[in-house]
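Enquirer:
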Ligand SMILES: C[S@@+](CC[C@H](N)C(=O)[O-])C[C@H]1O[C@@H](n2cnc3c(N)ncnc32)[C@H](O)[C@@H]1O
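Numbering (our numbering), first residue to last: 207 to 467.
Listed below in C-alpha cells is the structure:
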C-alpha cells in the first residue's frame with residue numbers, strides 16, 4: 207500500500223468531518239439501509255474516525271462486536287479513543303485483510319473502496335472473510351441536485367490534477383462494481399441513491415470542507431502559485447455557479463450491497 211495514502215489521511219485525521227457531519231450523515235444512512243443483524247461480528251473497512259462504527263453502535267447498541275480497520279495510523283488512534291467498549295481498531299490494508307476466513311457477519315465501508323488502487327483485491331478479501339450468506343454494504347460518491355456544480359468542480363480539479371502526481375487509487379475512473387463483484391464471487395444484490403444538503407457559512411467554509419478529506423491531496427501536491435490559483439477558481443465557481451452560492455454542502459452517495467452466496 208502506498209505510504210502516501212496513509213500520510214494523506216493522517217494529515218486530515220484531526221479535522222475529519224469536524225466542520226460538517228457529511229460522513230456521519232451518510233454513515234447513518236448506510237447502516238439504516240444495510241440493517242446489520244443484532245449481535246453481528248462486524249468489520250468497518252477504511253473506517254476513518256469511525257462514522258460507520260458509531261452509526262452501528264447508535265443503531266444496535268453494544269450487541270455487535272466491531273473491528274474497525276484503516277491504513278492511517280492517526281485515524282486508527284482516533285478509532286481506538288472512541289468510547290465504544292466493543293470496538294477494536296487496527297491498522298490494516300483493506301486490500302490485504304489479515305483476518306480468518308468466514309469470520310465476519312457483516313462488512314460495512316463508508317467512502318473507502320472507490321479510492322483503493324485495487325478495489326477488486328478488497329472485494330476478494332471481503333468475500334473470503336464474510337460468513338456464507340453475509341453481506342458487504344458500502345457507499346461511494348453519487349449524483350446530487352447541485353445544479354452541475356460538482357461537475358464544474360471536477361473540471362477544475364482535473365485541470366490542476368494534470369500538474370501533480372495523484373496518490374495511487376485517487377483520480378481514476380470509477381470501478382465497474384458489478385464486474386468486480388462477480389470476479390470476487392459476490393452477488394451484487396442492490397443499490398440505492400441518497401443525497402444531503404448541510405448548511406455552511408459560505409464559499410470559504412465550503413473550500414475548507416473540501417480540504418478536510420481525501421481531496422486535499424491535490425492542494426498539498428501543487429506549488430504555491432498553482433495552489434492559490436486552484437483556490438481562487440474553486441471559490442469563484444462556488445460564488446457564481448453553486449445553487450446556494452456555497453452556503454450549503456450538497457452531495458450524493460450510492461449505497462451498494464453484495465452478498466457472499
Ligand atoms: C473518505 S475516508 C472515509 C472514512 C470513513 N469510512 C467514513 O465514512 O467517515 C476513506 C478512509 O479510507 C482509508 N483508506 C484508504 N486506503 C486504505 C487502505 N488501503 N486500507 C484501509 N484503509 C484505507 C483512509 O485512511 C480513510 O480513513
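C-beta atoms are modelled at their ideal positions from N, C-alpha and C, and glycine is treated no differently.
The structure presented is a predicted model; accordingly, all values stated were derived computationally and were not measured.
How many angstroms separate the CA atom of residue 291 from the CA atom of residue 341?
Expert: Here residue 291 corresponds to residue number 85 of the chain shown, with the count starting at 1. Here residue 341 corresponds to residue number 135 of the chain shown, with the count starting at 1. Looking at the two C-alpha atoms, the distance is approximately 24 Å.
Enquirer: Can you tell me whether residue 281 sits near ligand 1, meaning its C-beta is under 6 Å from at least one heavy atom of the ligand?
Expert: For the purposes of this step, residue 281 is identified with residue 75 of the chain shown, where counting begins at 1. Flag set: Cβ of residue 281 near ligand 1.
Enquirer: Straight-line CA distance for residue 303 to residue 332?
Expert: Stepping through the chain shown from its first residue, residue 303 is reached at position 97. Stepping through the chain shown from its first residue, residue 332 is reached at position 126. In this structure, the alpha-carbon of residue 303 lies about 8 Å from that of residue 332.
Enquirer: Rounded to a whole number of angstroms, what is the C-alpha to C-alpha distance between residue 207 and residue 456?
Expert: Counting from one through the chain shown, the residue named residue 207 turns up at place 1. Counting from one through the chain shown, the residue named residue 456 turns up at place 250. Residue placement at residue 207 cannot be trusted, given a pLDDT of 34 that sits under 50; the coordinates are not used to answer.
Enquirer: Taking 6 Å as the cut-off, is the CB of residue 229 close to at least one heavy atom of ligand 1?
Expert: Your numbering for residue 229 matches position 23 in the chain shown. Yes, since a heavy atom of ligand 1 falls inside the 6 Å radius drawn around the Cβ of residue 229.
Enquirer: Can you name the residues that DSSP bridges to residue 344?
Expert: Walking along the chain shown from the start, residue 344 turns up at place 138. The partner list for residue 344 (beta bridge, DSSP) reads 315 and 462.
Enquirer: In the DSSP assignment, find the unbroken beta strand (DSSP E) run with residue 297 in it and report its ends.
Expert: Translated into positions along the chain shown, residue 297 becomes position 91. Its beta strand (DSSP E) spans residues 293 to 297.
Enquirer: Could you check the C-alpha separation between residue 345 and residue 430 for me, to the nearest Å?
Expert: Counting from 1 along the chain shown, the entry for residue 345 is found at position 139. Counting from 1 along the chain shown, the entry for residue 430 is found at position 224. Each residue's Cα considered, the two are about 34 Å apart.
Enquirer: Is residue 226 near ligand 1, judged by its Cβ being under 6 Å from some heavy atom?
Expert: As a first step, residue 226 is located in the chain shown; it is residue number 20 there, counting from the start. Not so, every heavy atom of ligand 1 lies at least 6 Å from the Cβ.
Enquirer: Looking only at its chain, what residues have a beta carbon closer than 6 Å to the beta carbon of residue 308, apart from the 5 residues adjacent to it on each side?
Expert: For this step, residue 308 is matched to residue 102 along the chain shown. 337, listed in sequence order.
Enquirer: May I ask you to list the residues that DSSP assigns as paired with residue 211?
Expert: Your numbering for residue 211 matches position 5 in the chain shown. Partner(s): none; residue 211 has no beta bridge.
Enquirer: Using a 10 Å radius around the Cβ and a threshold of 16 neighbouring Cβ atoms, would you call residue 352 buried or exposed?
Expert: For the purposes of this step, residue 352 is identified with residue 146 of the chain shown, where counting begins at 1. In summary, residue 352 is buried, with 16 or more beta-carbon neighbours lying within 10 Å of its beta-carbon over all protein chains present.
Enquirer: Between the C-alpha atoms of residue 287 and residue 461, what's the straight-line distance to the nearest angstrom?
Expert: Here residue 287 corresponds to residue number 81 of the chain shown, with the count starting at 1. Here residue 461 corresponds to residue number 255 of the chain shown, with the count starting at 1. Spanning the two alpha carbons is a distance of roughly 28 Å.
Enquirer: Go ahead and label residue 310 buried or exposed: buried means 16 or more other beta carbons lie within 10 angstroms of its beta carbon, across all protein chains shown.
Expert: Within the chain shown, residue 310 is the residue found at index 104, counting from 1. Buried.
Enquirer: Going residue by residue through the stretch 329 to 402, where are the continuous alpha helix (DSSP H) segments of at least 4 residues, counting only ones entirely within it?
Expert: Within the stretch 329 to 402, the complete alpha helix (DSSP H) runs of at least 4 residues are 355 to 367 and 383 to 390.
Enquirer: My assumption, with CB atoms under 8 Å, is that residue 387 sits in contact with residue 329. Please give the rounded CB distance.
Expert: Here residue 387 corresponds to residue number 181 of the chain shown, with the count starting at 1. Here residue 329 corresponds to residue number 123 of the chain shown, with the count starting at 1. Confirmed, about 6 Å.
Enquirer: Spatial neighbours of residue 228 within its chain, please: C-beta separation below 7 Å, excluding the five flanking residues on both sides.
Expert: Walking along the chain shown from the start, residue 228 turns up at place 22. 404, 455 and 457, listed in sequence order.
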